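Engineer:
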Amino acid sequence: DLRRYLANEPVVAGPPSQVYLFKKFLRRRRVEVAAALAVLVVLCLGFAGTVIGWARATEESKRLQFTIDFFSETLADASASSSPIALWSDTPSLTLGEALAQSQGLIDSTFEDQPELEATIRELIGLAQLRGGKFDDAQLQLARTIELREYKLGQDDPKVLELLLPTAEAKSKAGDITGAMTAATEAYDRHARVYGPDSEITRSVALWIARWFNSGFRFADAENYFEKAMLSVAGTPDTSDPITLAALVERVAVSVSEGELARAESHLRSAEPQINQLQDSDAKLRTLFTRQLGMLLVLRGKTDEAIRYLTPPPGTDSKNEDRVQSRLLAWAEGRAGNDAVANQMFNRLLDAERQHPGTPFREIFARLFFADVLLMQSNAKEAATHADLAIEKYDAFGLQNDPDRLWGRALGAMAHTELGEFDAAERLLDEAMQIQELFPEHKLHVPTVLLAKAKFEHAKGNNEAATATVKEAIKRALEIYSSDHPVPKSMQAWRDSI
Numbered sequence: 007d008l009r010r011y012l013a014n015e016p017v018v019a020g021p022p023s024q025v026y027l028f029k030k031f032l033r034r035r036r037v038e039v040a041a042a043l044a045v046l047v048v049l050c051l052g053f054a055g056t057v058i059g060w061a062r063a064t065e066e067s068k069r070l071q072f073t074i075d076f077f078s079e080t081l082a083d084a085s086a087s088s089s090p091i092a093l094w095s096d097t098p099s100l101t102l103g104e105a106l107a108q109s110q111g112l113i114d115s116t117f118e119d120q121p122e123l124e125a126t127i128r129e130l131i132g133l134a135q136l137r138g139g140k141f142d143d144a145q146l147q148l149a150r151t152i153e154l155r156e157y158k159l160g161q162d163d164p165k166v167l168e169l170l171l172p173t174a175e176a177k178s179k180a181g182d183i184t185g186a187m188t189a190a191t192e193a194y195d196r197h198a199r200v201y202g203p204d205s206e207i208t209r210s211v212a213l214w215i216a217r218w219f220n221s222g223f224r225f226a227d228a229e230n231y232f233e234k235a236m237l238s239v240a241g242t243p244d245t246s247d248p249i250t251l252a253a254l255v256e257r258v259a260v261s262v263s264e265g266e267l268a269r270a271e272s273h274l275r276s277a278e279p280q281i282n283q284l285q286d287s288d289a290k291l292r293t294l295f296t297r298q299l300g301m302l303l304v305l306r307g308k309t310d311e312a313i314r315y316l317t318p319p320p321g322t323d324s325k326n327e328d329r330v331q332s333r334l335l336a337w338a339e340g341r342a343g344n345d346a347v348a349n350q351m352f353n354r355l356l357d358a359e360r361q362h363p364g365t366p367f368r369e370i371f372a373r374l375f376f377a378d379v380l381l382m383q384s385n386a387k388e389a390a391t392h393a394d395l396a397i398e399k400y401d402a403f404g405l406q407n408d409p410d411r412l413w414g415r416a417l418g419a420m421a422h423t424e425l426g427e428f429d430a431a432e433r434l435l436d437e438a439m440q441i442q443e444l445f446p447e448h449k450l451h452v453p454t455v456l457l458a459k460a461k462f463e464h465a466k467g468n469n470e471a472a473t474a475t476v477k478e479a480i481k482r483a484l485e486i487y488s489s490d491h492p493v494p495k496s497m498q499a500w501r502d503s504i
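Following the numbering used here, the numbering of the sequence shown begins with 7 at its first residue and continues without gaps.
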């Protein structure tokens, strides 16, 4: 028994129990048992993972089916029929957004105990309504989504933050400009608090807000958020950063509107080396840069350089023509005095818009730029025609006033004044002055409006008023252009002639 004990074998002095025998076996086969136990643990964990995964997949499948059933019921109820054919034949004008808008009661009852799923459904509906033009409905759905997610996840959760800008957009398009501005600035502040002001996502939000303020001609606010979007190295914009590069190019529109042409050109020149290295995937930014610099060179009076810059490379297929760039090129040719070339280009562009119309603003601006060139050619009749057509088309949209309307009316007023059509000129001039008061930050078109007013006053025989007005026009022009620029020089020449 002693030898057996030392060898970890059962002794015969007493009857061995099953536990006793098992302990002795474990001690003799420690390595083999440990290996077997490890294999067993792996097998058990794998089985448990499979069971858990299956359970989760089953739950996800149930949620998916639940969601599908909800949308099916929503659409069926909206059409008062369970037939998918009847859905569209009975109500052919019914859109998905409208159908979902009618499902508010169904949402409230269906997802009462499932806030996460309700939030997902409302987000989908709200974004669909936003893109579909149902802005008031979109506001409600997105606001409820944010409320549900803030309660469940907290205010700083990414799923909450990502809905703040769409909510601001919905408010803006629904006409709640004040509410939209509050929502947009709150979106930036919350992103900056959670991610930091220099993070990519926060600066992307700032860039979006800057674009929004710029499109609303809130230039000071736009400048502020363009600055927030950019990174700087030793006080200089870091053009190697994509967001900074985009902000630098896009903010030029603000500087131009403010009449800061030299600063705008400086910013674009600093970005040009990096723009030239952009990949094909960033073609849109390169195109915008080309347009911005081309326009700026024309405004700066550097028309020859603008023509070289805007002219497409040899062999460019006309089917792939950038009509905006072509319009700027025609404008540059006209401002350079190449009348025949400019007129031919503008007429070709307008023919192309008639045959293959794109966004209406392409035709509007083609006519406005053409009217500007025609006035330089002393062709008031055609200038009035194109300015009037542009204004008529612009006003047909029913949009709010903006500085482009201001420019169109100023050009039209000058053309009708030269034709002796004073009633039309006075009406357009009054409208231009009213619009100008709405946008005190906009400086670029102020000299043109004042010149139109001076010419009208002179044509009506009020030379004293005309002299004072053109003096102010020259002063404003010199604040924007250099003293040897064609615009103030032409104003001075006209002043000296009256």
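Don't be surprised by glycine CBs; every beta carbon is placed ideally from N, CA and C.
Source: prediction; values computed, not measured.
Would you list, in sequence order, the uninterrupted alpha helix (DSSP H) runs of no fewer than 4 residues that lie entirely inside the stretch 300 to 368?
Structural biologist: 309 to 316, 329 to 341 and 345 to 361
Engineer: How would you call LYS511, buried or exposed, if buried means at least 16 neighbouring beta carbons within 10 angstroms?
Structural biologist: The displayed coordinates of the chain run from 7 to 504. Any statement about residue 511 would go beyond what the structure contains.
Engineer: Whole angstroms are fine: how far does the CA of THR365 sit from the CA of LEU148?
Structural biologist: 29 Å
Engineer: At the level of alpha carbons, what is the spacing between SER210 and ARG329?
Structural biologist: 29 Å
Engineer: Around the Cβ of HIS362, are there at least 16 other Cβ atoms within 10 angstroms (buried) or fewer (exposed)?
Structural biologist: Exposed, since its Cβ has fewer than 16 Cβ neighbours within 10 Å.
Engineer: Rounded to the nearest angstrom, what separates TRP218 and THR188 at their Cα positions?
Structural biologist: 13 Å
Engineer: Measure from the alpha carbon of ALA193 to the alpha carbon of each residue in PRO164, SER221, ASN220 and TRP337, then state which is nearest.
Structural biologist: PRO164
Engineer: Express the C-alpha separation of ALA389 and ALA430 in angstroms, rounding to a whole number.
Structural biologist: 14 Å
Engineer: Counting pairs of beta carbons, one from the stretch 251 to 265 and one from the stretch 226 to 239, are three or more of them closer than 8 Å?
Structural biologist: yes
Engineer: Does DSSP put ALA245 in a helix, a strand or coil?
Structural biologist: The amino acid occupying residue 245 in the given sequence is Thr; Ala does not appear at that position. DSSP places THR245 in coil when its eight states are reduced to three.
Engineer: Leaving out five residues on either side along the sequence, give the residues of the same chain with a beta carbon under 7 Å from the beta carbon of LEU484.
Structural biologist: PRO494
Engineer: Please name the residue in ASN282, SER332 and LEU169 whose C-alpha comes closest to that of PRO154.
Structural biologist: The residue asked about is misnamed: residue 154 is Leu in this sequence, not Pro. Nearest of ASN282, SER332 and LEU169 to LEU154, Cα basis: LEU169.
Engineer: Can you give the Cα-Cα distance for GLY265 and LEU444, rounded to whole angstroms?
Structural biologist: 17 Å
Engineer: Assuming the contact rule is C-beta atoms closer than 8 Å, LEU355 and ALA386 should be a hit. Round their C-beta distance to whole Å, please.
Structural biologist: Incorrect: roughly 21 Å between the Cβ atoms, too far for contact.
Engineer: Indicate whether ASP345 and GLN383 have their beta-carbon atoms separated by less than 8 Å.
Structural biologist: Result yes, Cβ atoms of ASP345 and GLN383 sit closer than 8 Å.
Engineer: Quick one: grab the DSSP three-state call for SER238.
Structural biologist: strand
Engineer: If we count the other Cβ atoms within 10 Å of its Cβ and call it buried at 16 or more, is ASP410 buried or exposed?
Structural biologist: buried
Engineer: Assign LEU374 to one of three DSSP states: helix, strand, or coil.
Structural biologist: helix
Engineer: Select from GLU175, GLN135 and ARG196 the residue whose C-alpha is nearest the C-alpha of GLU156.
Structural biologist: Of the candidates GLU175, GLN135 and ARG196, the one whose C-alpha sits nearest the C-alpha of GLU156 is ARG196.
Engineer: For the alpha helix (DSSP H) that contains SER261, what are its first and last residues?
Structural biologist: 258 to 263
Engineer: To the nearest angstrom, report how far apart LEU123 and LEU159 are at their CA atoms.
Structural biologist: Counting only the Cα atoms, LEU159 lies some 13 Å from LEU123.
Engineer: Kindly indicate which three-state DSSP category TYR201 falls into: helix, strand or coil?
Structural biologist: helix
Engineer: With 16 as the cutoff for other CB atoms within 10 Å, does GLN298 come out buried or exposed?
Structural biologist: buried
Engineer: Using three-state DSSP, classify ARG224 as helix, strand or coil.
Structural biologist: In the three-state DSSP reduction, ARG224 falls in the coil class, being neither helix nor strand.
Engineer: LYS449 and ILE486 - do their beta-carbons sit closer together than 8 Å?
Structural biologist: yes
Engineer: For the 8 Å Cβ check, are there 3 or more pairs between the stretch 476 to 483 and the stretch 446 to 460?
Structural biologist: The stretch 476 to 483 vs the stretch 446 to 460: in contact.
Engineer: Under 7 Å Cβ to Cβ from ALA270, same chain only, skipping five residues before and after it: list those, please.
Structural biologist: VAL258, SER261, VAL262 and LEU302
Engineer: If contacts are defined as beta-carbon pairs under 8 Å, then LEU335 and LEU316 qualify, I think. What distance do you get, rounded to the angstrom?
Structural biologist: Cβ-Cβ separation between LEU335 and LEU316: approximately 4 Å, consistent with a contact (criterion under 8 Å).
Engineer: Give me the residue from ARG199, ASN469 and ILE131 with the minimum Cα distance to ASP162.
Structural biologist: The shortest CA-to-CA distance from ASP162 to any of ARG199, ASN469 and ILE131 is the one to ARG199.
Engineer: Roughly how many angstroms separate the alpha carbons of GLN442 and ALA460, rounded to a whole number?
Structural biologist: 16 Å
Engineer: Pick out whichever of GLY139, ALA13, ASN220 and ALA190 has its Cα sitting closest to the Cα of LEU167.
Structural biologist: ALA190
Engineer: Just verifying my parser: in three-state terms, what is the DSSP assignment at HIS273?
Structural biologist: helix
Engineer: Output yes or no for whether 8 Å exceeds the beta carbon distance between ALA393 and ALA377.
Structural biologist: yes
Engineer: Using only CA atoms, which one of GLU447, ASP286 and LEU417 lies nearest to ARG433?
Structural biologist: LEU417
Engineer: Which residue comes first and which comes last in the alpha helix (DSSP H) that contains ASP502?
Structural biologist: Residues 492 to 503.
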